[in-house]
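Visitor: Got a structure for you, written out below as structure tokens; questions coming shortly.
Residue numbers (the numbering used here): 1240 to 1446.
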């Protein structure tokens, strides 16, 4: 029988799942409820009532619930069945899939991506999350980064962004003067607390 381990994360509304199920290589990909999920596992997980966001990485899966009142104990069996019963897809990500996650970058943006890959993403991935570079504004020196997976909506996310990611990126990429939170517009469709978290993120990004 396949081994499935559920791990808590700093975000109480997210679980990180590790199993011996083969997962696609390449950058983690996030899927939202209401969007068409090309990955059958993401579609199966999003079909579970209460699951609104899924991230699939090369060695973990993260699921995010819509409400703290939903009991993880009731959701875990359904998540396990989805992992066990959903057929695996081609494990090699297509060029199109990779480009959707990592679009064409400028030289500075690629440098930022390299720093995120080496110094930031391993730690975030251990908590079931990721950081996605949205764009770099050369005029202001601002790198706009979106926290995804378990890090998206995490209460400690703004602090991680400013005290962890910003300091790391600025150390290695002198062109970056600041890092600011890029909110996921689709997240507000299913999260009534997103407006408050957006306010917190914007408040932190001004310091």
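Where a beta carbon is used, it is the ideal one built from N, C-alpha and C, also for glycine.
These numbers were taken from a predicted model, which means no experiment stands behind them.
#1: Near residue 1248, what residues of its chain come up, given a Cβ to Cβ distance below 8 Å and the 5 sequence neighbours on each side ignored?
#2: So what's residue 1364 in DSSP terms, helix, strand or just coil?
#3: Which residues mark the beginning and the end of the beta strand (DSSP E) in which residue 1358 is found?
#4: Pairing CB atoms from the segment 1254 to 1268 with CB atoms from the segment 1397 to 1411, are three or more of them under 8 Å?
#5: Identify, in the order they occur along the chain, each residue of the same chain with its Cβ nearer than 6 Å to the Cβ of residue 1381, setting aside the five sequence neighbours on each side.
#6: Taking only runs that begin and end inside the segment 1268 to 1308, name each unbroken alpha helix (DSSP H) of 4 or more residues, in chain order.
#7: Give me the residue from 1415, 1407, 1324 with the minimum Cα distance to residue 1354.
#8: Under 8 Å by Cβ, that's how I've got residue 1293 and residue 1320 pegged, so tell me the actual separation to the nearest angstrom.
#9: Whose CA, out of 1312, 1383, 1387, lies closest to the CA of residue 1415?
#10: By Cβ distance, which residues of its chain are closer than 7 Å to residue 1360, with the 5 residues on each side in sequence left out?
#11: Of the residues 1288, 1362, 1273, 1260, which one's Cα is nearest the Cα of residue 1280?
#12: What number of angstroms, rounded off, separates the C-alpha of residue 1377 from the C-alpha of residue 1386?
Guide: Let me spell this out:
#1: 1254, 1255, 1301, 1366, 1367, 1368, 1389, 1393
#2: helix
#3: Segment: none, residue 1358 is in no beta strand (DSSP E) and carries neither H nor E.
#4: no
#5: 1417, 1419
#6: 1279 to 1285
#7: 1407
#8: Contact flag wrong, Cβ pair sits at about 15 Å.
#9: 1383
#10: 1369, 1370
#11: 1260
#12: 21 Å
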